[in-house]
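Single-structure report; data block below.
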Amino acid sequence: MELLAAEPDNVFTLTAITRKLGLSKATCYAILSTLINHGWVVRASSAGYSCGPAIPKLMHATSYHAFRPCLVELADATGTPVSLGRRDNGRIDIVDAVGKPLSGPSIEAGFRLPLLAPFGRDYVAWSTEAEQQAWLRTFEKSTSTLRTRIRAVLRENRSRGYIIERLSPEYIQVYSALRSLDSLGQPDAITAKLAGALAELTLIDYLPDELASRKKHPVATISAPIMDANGIATMALTAAPFTELSTRSIHKIGTLVAEAARSLSGLPAVHVSP
């Protein structure tokens with residue numbers, strides 16, 4: 217694996233690999249066959265071997281430690297748990313998390329959310345119009361009122377630099393159900409129904425006039441995108457208060473999250489899987 221990963225664009229013949237590693241052809245072939253089955257190696261049509269799709273993913277996964285100091289600092293500054301998400305093949309993978317919640321569910325590394333409306337606004341709000349339309353079409357059922365609301369929310373998300381998930385009994389129920397389904401490996405059809413149900417049963421995010429009052433507002437999470445070198449939102453930082461907050465506190469945490477996300481943008485590990 218080290219040999220192939222060091223030159224990911226090269227194709228090595230079996231003879232070249234055995235010569236470099238000092239192994240017999242039979243042993244080398246057996247090892248390569250196992251690695252192919254797990255995606256670490258691919259066999260080219262030229263009867264050569266090259267770096268498989270799983271190797272770059274492993275390299276990226278091991279590089280997430282570069283984000284950890286920022287997560288710890290943000291958790292200290294906000295007084296909330298903080299998690300790091302990555303967009304991957306139509307879902308959002310939580311790849312790291314720090315801190316324990318004082319209330320509400322924990323967001324732990326390994327948890328996955330579907331990139332289905334209304335989830336993933338911290339990615340979609342910064343994407344193209346075509347991508348936003350495709351995301352909106354993931355709603356199983358949508359009304360003109362709901363579509364108008366979501367479009368207004370996406371514009372506001374991009375303008376202020378972060379998204380806000382409202383805390384509600386329905387949100388907790390859907391979130392808990394998604395955690396259970398993720399552990400069971402259930403199909404996307406069920407997660408799509410749950411995502412749609414959340415949008416139908418609750419108001420999504422907060423628009424400016426909804427934060428104008430002096431009362432406290434229930435907030436589950438506040439997230440901001442992390443951009444890759446091409447300006448594409450491929451990862452996101454999330455603070456998880458899971459409590460009621462004043463408008464001032466919401467904006468303070470949102471600003472801290474957005475600033476931290478900007479500081480991480482462009483790092484080598486910021487990527488999106490095909």
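Numbers 217 to 490, taken from the numbering used here, label the letters of the sequence shown in order.
Here a beta-carbon is modelled for each residue, glycine too, at the ideal position from N, C-alpha and C.
Note that the coordinates shown come from a computational prediction; the quantities given were computed from them, not determined experimentally.
query: Identity of the residue in Cys286, Val314, Trp256 nearest Leu483 by Cα; result: Cys286
query: Bridge partners - Cys267, DSSP secondary structure assignment; result: Val257
query: Residue closest to Leu300, alpha-carbon to alpha-carbon, out of Lys241, Thr231, Leu220, Arg328; result: Arg328
query: Bounding residues of the alpha helix (DSSP H) (the contiguous stretch that carries Glu347); result: 345-352
query: Integer Cβ distance of Phe458 from Ala436, believed to fall under 8 Å; result: 6 Å
query: Three-way DSSP call (helix, strand, coil) for Leu410 in this model; result: helix
query: Contact between the segment 410-426 and the segment 317-337 (3+ Cβ pairs under 8 Å); result: yes
query: 6 Å Cβ shell around Thr296 - same chain, five flanking residues per side excluded; result: Ala455, Ala456, Pro457
query: Sequence-distant residues of the same chain with beta carbon closer than 6 Å to Tyr422, five excluded per side; result: Ile380
query: Nearest-angstrom Cβ-Cβ length linking Glu386 and Leu417, presumed shorter than 8 Å; result: 4 Å
query: Leu453 vs Val298 beta-carbon contact at 8 Å; result: yes
query: Candidates Val340, Val288, Pro321, Ser266: closest to Gly306 by CA position; result: Val340
query: Close beta carbons around Pro403, own chain, < 7 Å, minus the five adjacent residues each side; result: Confidence at Pro403 is low in this model, with a pLDDT of 49, below 50, so its placement is unreliable and the value that follows should be read with caution. None.
query: For Arg302: DSSP bridge partner residues; result: Asp309, Met451
query: Limits of the unbroken beta strand (DSSP E) element including Val435; result: 433-443
query: 6 Å CB neighbourhood of Arg302 in its chain, flanking five on each side removed; result: Asp309, Val311, Met451
query: Delimiting residues of the beta strand (DSSP E) encompassing Arg382; result: 379-382
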